[in-house]
Structure formats: structure tokens, C-alpha cells
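Enquirer: Following this message is one structure expressed as C-alpha cells.
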Amino acid sequence: MDDSLVGLGLVALGGALGAATRYAVALVVATPGGTLVANVAGSLLLGVLAARRLPDRLQSFAATGFCSSFTTYSTFTVETLSLSAPAAVGYVLATYALGLAGAMVGVTLGRRA
């Protein structure tokens, strides 16, 4: 089978699992908190993956597929617009600060493993 088709399949499979996991988080944690949890957790996981030297296929599955579908910028944006101005500012600041912190922790953990 063509390597690019295998890669596409791995990204699709990872994406499907990431989307399903994101949905599960939304069932447990109400909006917009669920989006914040998913984005921070996804940033942490992506940080770990970025720091590791993983085979291309695993990277495609986990980073491009799973993490991209698990985290969600579009939902974050729409939820931000639904909040009052003070709440929206706090939500944006918290999302970016915690997401960056999550990625930094992930990179640190990934380098240690």
C-alpha cells in the first residue's frame, strides 16, 4: 500500500479517536470548561509528542490525528463569543496561559522519558 495512503489512514483513525475522546470530555465537563480541559490536556500531550523522536507513522496518528481532533480552536472561539466581555477576556487569557503551560510541561516530560 502507498505510504501516503497509510499516513492518511493513520491521521483519520487518530482524528476519529480524538474527536470521540473530546466528545466524552464534553459529557463529563460542561462548556466552556470542557473545551478548556481538552485544549490544555491536548497541549500537554502534544508537547510530550513534540519532544519525543517518534516514528513518522506514530507521530501522524497521535499528533496530527488525535491531538488535532481532541483540541478545538473553533469551539473555543464560538464559546468565547457567547460570554460576557469580562468572562471572555478571562477565558481567552486562561486558555492561552494554561495551554502554553501544558505544552511546556509536556515538552519537559517528553524530554525526561
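Quick note, the working numbering runs 116 ahead of the 1-based positions in the sequence shown. Cβ coordinates follow ideal geometry from the N, Cα and C atoms, glycine included.
Give every residue of the same chain whose Cβ lies closer than 6 Å to the Cβ of residue 194, excluding the five residues on either side of it in the sequence, and list them in chain order.
Expert: Correct list: empty, nothing qualifies.
Enquirer: State buried or exposed for residue 138, treating a residue as buried only when at least 16 other CB atoms are found within 10 Å of its CB.
Expert: With 16 or more other Cβ atoms within 10 Å, it is buried.
Enquirer: Tell me whether residue 159 sits in a helix, a strand or coil according to DSSP, three-state version.
Expert: Three-state DSSP puts residue 159 in a helix.
Enquirer: Any idea if residue 120 is buried or exposed, counting beta-carbon neighbours within 10 angstroms, 16 or more meaning buried?
Expert: Exposed is the call here.
Enquirer: Taking 8 Å as the cut-off, does the segment 160-167 touch the segment 125-141 (at least 3 CB pairs, one atom from each stretch)?
Expert: Output reads no: the segment 160-167 does not touch the segment 125-141.
Enquirer: Confirm, please, whether the CB-CB distance from residue 222 to residue 176 is below 8 Å.
Expert: It is not a contact, given that the beta carbons lie outside the stated cut-off.
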